[in-house]
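> Encoded as structure tokens, here's the structure I'll be asking about.
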Amino acid sequence: MNAVPLAPFALTVNTLSCLMSMTSPKFDNNGRRNYEGYQVLSISNASSQNGLFDIQGNVLQQLYSSDKLFNFMGEGPNKNGPTDVMICPEQANNVKSLLSAYDIPFTVKSANLQQNIASNVNENNKILAESQGTMNWNAYQRFSTIQSWMDSMASQYPQFVSVETYGSSTEKRPMRVMKISASGNDGSKPIVWLDGGIHAREWISAATVTYLANEIINHAKSGDDTDLINSVDWYVVPNMNPDGYEYTFTADRLWRKTRSKTSNRRCFGVDPNRNWDWKWGGKGTSNNPCEEIYRGPRAASEPEVSSSQKYIFSIKDRIQLFISFHSYSQLLFYPWAYDDVPADDKDDLEKVANLGAEALEAVYGTKYRVGTPPQILYAAAGGSYDWAKGVANIKFSFTFELRDTGDYGFLLPPKQIIPSGKETLAGVTAMVQSVMDYYRDN
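For the sequence shown, UniProt numbering assigns the number 1 to the initial residue and increments by one for each residue that follows.
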């Protein structure tokens, strides 16, 4: 279908004001980004029966690909459900008029985003203060607390746990992997790789990954004679974007990218999940340093990505299952993400993903959709799990988009960490078992 031209009123001086507010954001007296007056809209997809579906999807896709008139929450236009967008105060009326002009239904999910952020951060800070730096899953933890906990586990349980530093971030924070093995990690067993936090604002991903690691350690401590412990080694990286993650605590709760300098002095960071060296620069990426999906000046330009690629590649022959955790939308993706082309082994991947989604749902009834990004959302090149399959030749590579479906979005309350962890553990356990069965039979 040919591109639908955007309405002229969407390209007014207010657009420039909105873009300026993104490149020169307001900060409060404590040095924290202020989202006062920003709104979040939930944009619904019309039924394809009314003939408007293609037009609406085309408009949203153009906005996503353009210099931002608004900021997509989640991972961009959703073909099968609502799409959440953040709009700045200067552009609110224009965006709403544009959507109405194309009969695109929407609701105002948040009339003042700053209030939602303040509520989320204040609740989390209160719990952190009560725990006095002790690792737990009642709150979202700071980077330093997570790292100290990893060291503590390695010190307390050296027979099961070790920690390795394999690189450093732009700001020289360590890139570290926690290795959990019931047999002392002698290199004889296949590896399950779990990582989180590649997008900084997705706090639930790092929290869920550490929850999974803690449960696996508990199984090892108890001497459980299960395949979960005795047949695989677990390599866990809770923070794939340490600088960005810490920045969400100190300055901007909704920061997504790394913190590297770019060619635009006003705009920092690269989307680390558009920076991996597989189909880099393709669909769903941008060459504009000020955009959320900026792919970087070259593939693997970010030290967080380049060091992770090098490390994963060095152990690729042992990795049988690769899972990267994101949020939000409750999706379970398998390759490919870079374009709407089926993987040669699509049936194998879909089987494992479906088993994972079914096991996850059985815990609390939380439903996940299974598919590829182009099927459900849109194509996105340069991602980690595409690289894992396309370059490292890890057959079973997946991405989880964790809770929720948009009620809270990135501001998921801390009380949902443990339920997310429990249901995700069930899903991952089922996927591990399915992958092990595959390799036993093939």
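Don't be surprised by glycine CBs; every beta carbon is placed ideally from N, CA and C.
The structure presented is a predicted model; accordingly, all values stated were derived computationally and were not measured.
Assign F143 to one of three DSSP states: helix, strand, or coil.
Three-state DSSP puts F143 in a helix.
> Determine the direct distance from the alpha carbon of N116 to that of L411, and round the result to whole angstroms.
In a straight line, the C-alpha of L411 is about 8 Å away from that of N116.
> Would you check if the distance between the CB atom of E302 and the CB atom of N264 is smaller than 8 Å?
Going by C-beta atoms, E302 is not nearer than 8 Å to N264.
> In chain order, what are the residue ranges of uninterrupted alpha helix (DSSP H) at least 4 long that sit wholly in the stretch 275–344?
Segments of the alpha helix (DSSP H) lying fully in the stretch 275–344: 303–314.
> Just the C-alpha distance for Y328 and K189, rounded to the nearest angstrom, thanks.
Straight-line Cα distance between these residues: approximately 32 Å.
> For residue 479 and K221, what's the separation of their Cα atoms in angstroms?
No statement about residue 479 is possible, as the shown extent of the chain runs from 1 to 442 and does not include it.
> Three Cβ pairs or more, each shorter than 8 Å: is that satisfied between the stretch 378–394 and the stretch 176–184?
Cβ pair count under 8 Å is below three, so no.
> Helix, strand or coil for P174 per DSSP?
Reduced to three states, the DSSP call for P174 is strand.
> Any beta carbon from chain B within less than 8 Å of P335's own beta carbon?
Annotation note: the requested chain B is absent from the structure, which comprises a single protein chain.
> Return helix, strand or coil for D84, following the three-state DSSP convention.
D84: strand per DSSP, three-state reduction.
> Using the Cα positions of G269 and Y294, report the straight-line distance between them to the nearest angstrom.
Whole-angstrom Cα-Cα distance: 8 Å.
> Would you mind working out which of N273, N354, V341, N214 sits nearest I146, comparing C-alpha positions?
Nearest C-alpha to I146: N214.
> In the DSSP output, what is T405 paired with across the bridge?
In the DSSP output, where bridge partners are listed per residue, T405 has none listed.
> According to DSSP, is F268 part of a helix, a strand, or is it coil?
The answer is coil: DSSP assigns F268 none of H, G, I, E or B.
> Short of 6 Å in beta carbon distance, which residues of its chain neighbour W193, apart from the five on each side in sequence? Order them along the chain.
Excluding positions up to five away in sequence, the list reads Y235, I319, F322.
> Can you tell which of Q114, K422, S97, Q91 has its C-alpha closest to the C-alpha of F106?
Comparing Cα positions, the closest option is S97.
> On the DSSP letters alone, give me the boundaries of the alpha helix (DSSP H) that K261 sits inside.
Premise fails: K261 is in no alpha helix (DSSP H) and is neither H nor E.
> Can you tell me whether Q141 sits near the ligand NAD, meaning its C-beta is under 7 Å from at least one heavy atom of the ligand?
This structure lacks the ligand NAD, and indeed carries no ligand of any kind.
> With a CB to CB cut of under 7 Å and the five nearest residues on each side skipped, what residues in its chain are close to F249?
Contacts found: R142.
> Using the beta-carbon count (16 or more within 10 Å), is E36 buried or exposed?
Exposed, by the Cβ-count rule.
> Please state if the CB of I376 and the CB of L331 are separated by a distance shorter than 8 Å.
Contact flag set, yes.
> In whole angstroms, give me the CA-to-CA distance for K367 and E361.
Those two C-alpha atoms are separated by around 6 Å.
> Which residues does DSSP list as the beta-bridge partners of W193?
Per DSSP, Y235, F322.
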